[in-house]
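To start, the structure under review is shown below, and the notes come after it.
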Amino acid sequence: MNIAIWIDADATPRSAVAIARELARTYGAVVTTVSSINHLHDVPNHITVDADPQAADMAIVNHLDPGVPTVVITQDYGLAALALARGAAAVSPTGLAFDAQNIDMLLANRDIHMRMRRMPRSMRSRLRGPKARSAADDERFRESLANILKRWTSRHP
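UniProt numbering puts the sequence shown at residues 1 to 157.
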């Protein structure tokens, strides 16, 4: 049985997509990327959805099959939570493996930051965006995804 890798390509860096494709060849997985029409990709197995902010996430969730070992690559904690609920593994492009132990805390932190961004500037401390992607991020991602794929292949030979 092939492993499915679904990539939220709206926010996944090209280096992470390349690593996922490389590891997919090694482990016999099938990669599908999904992005909105605002982020067109000319690659095999790509699904383009409309510009709605949640369209890519919903397309991925709607394609998750509990009978197929699946990994979802996303920076979106909400999508990661939905993937976990459907029995898929989930990992961020920086190598953070989402699981039952960390997803609730990550979702709570996301909510706090969202509330802080809505506050008037005078009432909030300065929020910083994400750090620039590094070679260490690529290496952590490669290691996390390889570990997940190793686990899936040992369970589903």
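Ideal placement from N, C-alpha and C gives every residue a C-beta, glycine not left out.
Residue j beta carbon less than 7 Å from that of residue i
| i | j | result |
| --- | --- | --- |
| Ala-24 | Ile-5 | yes |
| Ser-144 | Gly-95 | yes |
| Ala-56 | Asp-10 | yes |
| Val-31 | Ala-20 | yes |
| Ser-15 | Asp-138 | yes |
| Thr-12 | Ile-73 | yes |
| Pro-66 | Phe-141 | no |
Close Cβ partners of residue i (< 8 Å) along its chain, the five nearest in sequence each way excluded
| i | result |
| --- | --- |
| Val-68 | Met-1, Asn-2, Ile-3, Ala-4 |
| Leu-84 | Ala-90, Phe-98, Asp-99, Ala-100, Ile-103 |
| Leu-79 | Asp-8, Asp-57, Ile-60, Val-61, Val-72, Ala-90 |
Assigned secondary structure, residue i (DSSP; H/G/I helix, E/B strand, else coil)
| i | result |
| --- | --- |
| Asp-52 | coil |
| Asp-65 | coil |
| Ala-146 | helix |
| Asp-57 | helix |
| Ile-5 | strand |
| Arg-151 | helix |
| Ser-134 | coil |
| Arg-25 | helix |
| Arg-86 | coil |
6 Å CB neighbourhood of residue i in its chain, flanking five on each side removed
| i | result |
| --- | --- |
| Ala-97 | Val-91, Ser-144 |
| Val-71 | Ile-5, Ala-89, Ile-148 |
| Arg-133 | Pro-13 |
| Thr-153 | Tyr-27 |
Same chain, Cβ closer than 7 Å to residue i, five either side skipped, listed in chain order
| i | result |
| --- | --- |
| Lys-150 | none |
| Ala-146 | Leu-23 |
| Leu-82 | Val-61 |
| Leu-64 | Thr-70, Ala-83, Arg-86, Ala-88 |
| Ile-47 | Thr-32, Val-34, Ala-59 |
Beta-bridge pairing of residue i - partner residues as DSSP gives them
| i | result |
| --- | --- |
| His-46 | Thr-33 |
| Val-91 | Ile-73, Ala-97 |
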